[in-house]
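Here the protein sequences come in this chain order: A and B.
Using the numbering used here, the letters of the first sequence map in sequence onto residues 264 to 754.
Using the numbering used here, the letters of the second sequence map in sequence onto residues 18 to 341.
Inspection log for the structure reproduced underneath, given as structure tokens.
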Amino acid sequence: MPLIFDGIEKAFPGVRALGGVSFEVREGSVHALMGENGAGKSTLLKILSGAYHPDSGKLILDGQELTIRNTQDALAAGIAVIYQELQLVPQLTVAENLFLGHLPSKFGWTDRKTLHSETKRILALVGEDIRPETQVGRLPIAQRQMIEIAKALSRDAKVIALDEPTSSLSSREVERLFAVIQRLREEGRIVLYVSHRMDEIFRICDAATVLRDGQHVQTWSTINEVTPDGLVRAMVGREVDTLNAYRSRPIGETTLTVRDLIGPGIREKIGFELKKGEIVGLFGLVGAGRTEVLNLIAGTTKAKGGQIDLDGNSYSALNPQKALKIGIGLCPEDRKKEGIVPIANITDNVNLGVRKSFVIKGRAERANAEARVQQFRVRTPSVDQKIGNLSGGNQQKAIIGRVIGHNLKVLLLDEPTRGIDIGAKSEVHEIVRNLAEQGVAVLLVSSEMPELLGICDRILVMEGGRISGELPRSKATQERLLELALPKKSS
Amino acid sequence: MSTPEKSPVIESPFRKVWDRAGILVVLVALLVGSAVLVPNFLSTNNLIYSLGLSVTTTGIVACGMLFALAAGDFDLSVGSVAAFAGMVAAVLLSKGFGPVPAVLLSLVAGLFIGAANGFIIAVCGINALITTLATMQIVRGLAYILNDGNSIGVGNMSFAALGTGTPLGVPMPLWTLLFCLVVFGLLLHRTVYGRNSLAIGGNKEAAHLAGVPTKKVQITIFALLSMLAALAGVVSTAQQQLGDPKGMTGLELRVISACVLGGVSLTGGIGSISHVIVGVLIMGTVQNVMDLKSVPTFYQYLISGAILLAAVLLDKLKQRGTSR
Numbered sequence: 264m265p266l267i268f269d270g271i272e273k274a275f276p277g278v279r280a281l282g283g284v285s286f287e288v289r290e291g292s293v294h295a296l297m298g299e300n301g302a303g304k305s306t307l308l309k310i311l312s313g314a315y316h317p318d319s320g321k322l323i324l325d326g327q328e329l330t331i332r333n334t335q336d337a338l339a340a341g342i343a344v345i346y347q348e349l350q351l352v353p354q355l356t357v358a359e360n361l362f363l364g365h366l367p368s369k370f371g372w373t374d375r376k377t378l379h380s381e382t383k384r385i386l387a388l389v390g391e392d393i394r395p396e397t398q399v400g401r402l403p404i405a406q407r408q409m410i411e412i413a414k415a416l417s418r419d420a421k422v423i424a425l426d427e428p429t430s431s432l433s434s435r436e437v438e439r440l441f442a443v444i445q446r447l448r449e450e451g452r453i454v455l456y457v458s459h460r461m462d463e464i465f466r467i468c469d470a471a472t473v474l475r476d477g478q479h480v481q482t483w484s485t486i487n488e489v490t491p492d493g494l495v496r497a498m499v500g501r502e503v504d505t506l507n508a509y510r511s512r513p514i515g516e517t518t519l520t521v522r523d524l525i526g527p528g529i530r531e532k533i534g535f536e537l538k539k540g541e542i543v544g545l546f547g548l549v550g551a552g553r554t555e556v557l558n559l560i561a562g563t564t565k566a567k568g569g570q571i572d573l574d575g576n577s578y579s580a581l582n583p584q585k586a587l588k589i590g591i592g593l594c595p596e597d598r599k600k601e602g603i604v605p606i607a608n609i610t611d612n613v614n615l616g617v618r619k620s621f622v623i624k625g626r627a628e629r630a631n632a633e634a635r636v637q638q639f640r641v642r643t644p645s646v647d648q649k650i651g652n653l654s655g656g657n658q659q660k661a662i663i664g665r666v667i668g669h670n671l672k673v674l675l676l677d678e679p680t681r682g683i684d685i686g687a688k689s690e691v692h693e694i695v696r697n698l699a700e701q702g703v704a705v706l707l708v709s710s711e712m713p714e715l716l717g718i719c720d721r722i723l724v725m726e727g728g729r730i731s732g733e734l735p736r737s738k739a740t741q742e743r744l745l746e747l748a749l750p751k752k753s754s
Numbered sequence: 018m019s020t021p022e023k024s025p026v027i028e029s030p031f032r033k034v035w036d037r038a039g040i041l042v043v044l045v046a047l048l049v050g051s052a053v054l055v056p057n058f059l060s061t062n063n064l065i066y067s068l069g070l071s072v073t074t075t076g077i078v079a080c081g082m083l084f085a086l087a088a089g090d091f092d093l094s095v096g097s098v099a100a101f102a103g104m105v106a107a108v109l110l111s112k113g114f115g116p117v118p119a120v121l122l123s124l125v126a127g128l129f130i131g132a133a134n135g136f137i138i139a140v141c142g143i144n145a146l147i148t149t150l151a152t153m154q155i156v157r158g159l160a161y162i163l164n165d166g167n168s169i170g171v172g173n174m175s176f177a178a179l180g181t182g183t184p185l186g187v188p189m190p191l192w193t194l195l196f197c198l199v200v201f202g203l204l205l206h207r208t209v210y211g212r213n214s215l216a217i218g219g220n221k222e223a224a225h226l227a228g229v230p231t232k233k234v235q236i237t238i239f240a241l242l243s244m245l246a247a248l249a250g251v252v253s254t255a256q257q258q259l260g261d262p263k264g265m266t267g268l269e270l271r272v273i274s275a276c277v278l279g280g281v282s283l284t285g286g287i288g289s290i291s292h293v294i295v296g297v298l299i300m301g302t303v304q305n306v307m308d309l310k311s312v313p314t315f316y317q318y319l320i321s322g323a324i325l326l327a328a329v330l331l332d333k334l335k336q337r338g339t340s341r
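The structure is reproduced here in structure tokens:
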């Protein structure tokens with residue numbers, strides 16, 4: 264019997280998250296749930312899991328209307344939602360996590376024997392063989408995910424929803440996950456699969472539903488009825504120029520010269536130049552020192568040596584305030600941790616750190632924030648909105664708006680499009696291109712090769728704390744980039 | 018994938034009032050209730066001398082604690098600093114110093130203690146609980162050492178006027194409190210310094226990377242807070258005409274309670290001077306009413322504690338409504 268969403272509505276103060284969403288999910292199928300960030304997928308999952316209450320609408324499973332007042336009700340009804348941020352307690356053991364809330368006991372004492380034998384049995388359901396006494400915090404993400412799925416199976420969940428399950432898995436781990444999902448389908452369970460990755464969707468999903476702005480756009484009951492482009496169109500609501508949208512532009516003279524820069528995380532002195540209007544990529548594996556280079560240039564970490572020349576002036580040590588003053592702006596890697604002040608509104612976030620006077624100039628700050636919101640098409644009801652309530656892409660645009668305020672000459676972007684959806688991504692790219700056209704030099708750190716190949720004029724590659732190579736746009740390919748980024752055998 | 022930002026939904030008027038005012042509603046109800054039910058509550062004498070004077074110490078220090086809380090920290094040493102500064106002023110006066118240098122030197126002593134707190138917290142990275150717990154004891158010790166553990170009387174009348182004078186019919190300590198509320202209110206709401214304090218409490222790492230001089234701001238927050246504690250100590254010494262090394266115990270908890278009661282967030286990022294005013298007034302009114310009704314002291318503790326709990330529970334309820 265299918266799972267039916269019937270007219271689900273949910274509003275938050277000031278925001279309508281879901282406006283009457285109805286669709287049907289067949290049993291024994293893997294159903295993709297797609298949409299940009301903020302489309303309402305998370306809200307829908309949370310309603311399914313009992314974390315939120317719909318304002319109106321019905322959930323029907325096995326022909327019965329479900330009354331889900333809390334998460335316990337959802338579990339009892341056979342629904343398990345597995346979130347991106349896994350819901351396991353890292354300090355406890357695998358066994359304790361699996362039986363959290365209903366530890367087997369004898370006369371009040373924990374029954375270890377039953378606990379461990381049951382744990383082994385449950386883990387076998389997903390083909391895992393982990394010692395029950397292992398602390399969950401010591402396991403890789405992939406295994407933790409398997410434990411969550413095992414947990415759902417141990418409660419005989421009929422509906423299992425997975426929220427971006429592959430976002431932190433290696434390709435081998437993804438294969439194992441898919442094998443398990445395949446089994447779930449064969450057992451006649453319902454799998455709701457939330458992902459942005461087209462290849463995955465077309466590999467394992469039987470059907471797909473797209474949400475946009477809290478509305479149901481379309482459901483394809485077999486995935487063959489639609490193409491990847493069709494899905495993207497449905498999600499974005501318009502045609503998106505794909506990542507390969509390079510535009511050539513005039514490139515000026517050198518504006519930033521980095522000489523002999525050395526500091527924490529850097530093994531060999533770093534030196535390179537940026538020209539006006541140039542977009543330069545900085546590629547490398549995680550830990551290669553890319554973020555460190557940006558932080559050293561912006562002065563957020565102290566350099567041990569080296570020199571930075573900007574338009575003829577030399578600086579040996581910068582701090583964030585001084586860097587901003589002379590025209591070097593940094594947008595940090597981890598938006599939530601290092602970029603935004605979530606409980607403050609957009610006006611405060613856009614003006615943070617770039618205020619020059621002692622007294623707040625309320626009207627000017629508001630005007631500045633409104634100008635950035637318009638310029639970058641930040642989607643928000645007003646600049647008084649808490650920035651934490653915006654989607655990732657809109658937060659990113661606002662943060663770029665912060666640093667471009669004053670005579671920006673060099674923009675340092677650290678993974679600006681990580682975790683944001685396709686539409687917002689192309690908007691961020693457009694912003695970067697526009698800034699470059701106005702003469703700003705951009706240094707762009709990204710782990711996504713298509714992104715770098717798409718918009719950069721030149722790409723620097725780092726490996727193990729040093730610059731291992733430089734490729735002009737004409738010579739850059741994914742193979743060349745990887746070749747330079749992979750560690751060399753010790754010589 | 019956080020809460021999406023979609024077409025707006027109309028909010029109910031009650032919701033709006035509650036969101037905006039919240040605890041203010043409680044204060045108004047409390048004041049109206051007291052005015053109706055408690056005889057003498059509305060008399061000028063009670064309002065100015067009993068209620069007004071009882072809140073000055075807490076109120077003055079709360080102006081500074083507001084900044085510490087806004088920035089995600091707090092300071093347990095304020096009670097000791099107040100006692101110490103009062104002793105410094107009393108001892109200096111007894112040694113023949115004039116009232117102006119005596120007061121200034123006490124304030125500077127407070128400023129230094131606070132700057133030391135701030136330095137240890139911001140630069141050395143020790144957490145505020147441990148740091149100020151330690152300085153709380155150190156400074157209390159210093160207060161005792163100043164006069165061998167004895168209190169010391171103050172004879173200087175122009176100094177005493179700081180506590181007992183009544184320009185325009187209002188006692189000096191109330192003027193001082195009013196002055197602090199205005200100055201620190203403006204500092205928080207109208208200056209970059211104030212915004213930066215809130216940003217540090219909201220996300221310190223982001224504020225630092227965005228170019229806010231976080232360490233400088235943190236150090237000055239603690240310095241100003243301790244200076245206010247010293248000021249409160251001096252005012253109280255002038256009022257009682259006595260420097261007392263045992264005085265002001267528990268002040269830190271009263272101040273933090275008042276701020277939280279008014280709506281300042283303990284986790285940082287949220288706070289306004291109106292929170293302080295409301296919180297201090299609620300605490301003062303409850304205390305005042307209990308005194309007027311001669312509630313026995315033992316029961317007063319129960320009631321004060323219950324009110325604090327009720328206030329934070331109400332706030333939690335409110336947050337559940339607004340965010341997500």
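No residue lacks a Cβ here, since even glycine has one placed at the ideal position from N, Cα and C.
Quick one: list the residues of chain A neighbouring residue i, beta-carbon separation under 7 Å, in chain order.
i, result
"Leu226 (chain B)", "Thr563, Pro583, Leu593, Pro595, Glu601"
"Thr208 (chain B)", "Phe621, Val622, Ile623"
"Val229 (chain B)", "Leu615, Gly616"
"Arg212 (chain B)", "Asp611, Ile623"
Determine, using beta carbons only, whether residue i comes closer than 8 Å to chain A.
i, result
"Thr237 (chain B)", "no"
"Leu215 (chain B)", "yes"
"Val200 (chain B)", "no"
"Glu222 (chain B)", "yes"
"Phe280 (chain B)", "Note on residue identity: the sequence assigns Gly, not Phe, to residue 280 (chain B). Taking Cβ atoms only, chain A never reaches closer than 8 Å to Gly280 (chain B), which makes this a no."
"Leu331 (chain B)", "no"
Is the Cβ of residue i closer than 8 Å to any Cβ of chain B?
i, result
"Ser620 (chain A)", "yes"
"Gly616 (chain A)", "yes"
"Leu506 (chain A)", "Its pLDDT being 46, under 50, Leu506 (chain A) is placed unreliably in this model, and the value from its coordinates should be taken loosely. Leu506 (chain A) does not count as touching chain B."
"Asp647 (chain A)", "no"
"Asp269 (chain A)", "no"
Nearest by alpha-carbon distance to residue i: which of the options is it?
i, options, result
"Asp476 (chain A)", "A:Lys304, A:Arg721, A:Gly655", "A:Lys304"
"Leu266 (chain A)", "A:Ala748, A:Phe441, A:Glu287", "A:Glu287"
"Gln701 (chain A)", "A:Glu714, A:Leu671, A:Val708", "A:Leu671"
"Val556 (chain A)", "A:Asn333, A:Ile683, A:Leu706, A:Glu711", "A:Leu706"
"Phe639 (chain A)", "A:Ala748, A:Gln658, A:Phe621, A:Asp574", "A:Gln658"
"Ala748 (chain A)", "A:Trp483, A:Arg721, A:Phe546", "A:Phe546"
How would you list, in chain order, the residues of chain A whose beta-carbon sits under 8 Å from the beta-carbon of residue i?
i, result
"Ala160 (chain B)", "Those within 8 Å of Ala160 (chain B) in chain A number zero; the least Cβ separation is about 35 Å."
Going along chain B in order, which residues have a C-beta closer than 8 Å to the C-beta of residue i?
i, result
"Val605 (chain A)", "Rather than Val, the amino acid found at residue 605 (chain A) in this sequence is Pro. In chain order: Gly219, Asn220."
"Asp325 (chain A)", "Residues of chain B passing the Cβ test: none, with the nearest at roughly 29 Å."
*Give the residues from the segment 571–603 of chain A that approach chain B closer than 7 Å (Cβ to any Cβ), ordered along the chain.*
Pro583, Gln584, Leu587, Leu593, Pro595, Lys600, Glu601, Gly602, Ile603
*asked:* Within 8 Å, do at least three Cβ pairs link the segment 121–136 of chain B to the segment 237–257 of chain B?
replied: yes
*Any residues in the segment 665–682 of chain A with a beta carbon nearer than 9 Å to a beta carbon of chain B? Which ones, in chain order?*
Arg665, Val666, Gly682
*Please determine if the segment 361–374 of chain A and the segment 321–333 of chain A are in contact, where contact requires at least 3 C-beta pairs separated by less than 8 Å.*
no
_For the pair the segment 334–351 of chain A and the segment 273–288 of chain A, tell me if three or more CB-CB distances fall below 8 Å._
no
*In the segment 282–306 of chain B, which residues sit with their C-beta less than 7 Å from some C-beta in chain A, listed in chain order?*
Gly286, Ile287
_Whether or not the segment 459–469 of chain A and the segment 311–320 of chain A are in contact is what I'm after, with contact meaning three or more pairs of Cβ atoms, one per stretch, closer than 8 Å; do they touch?_
no
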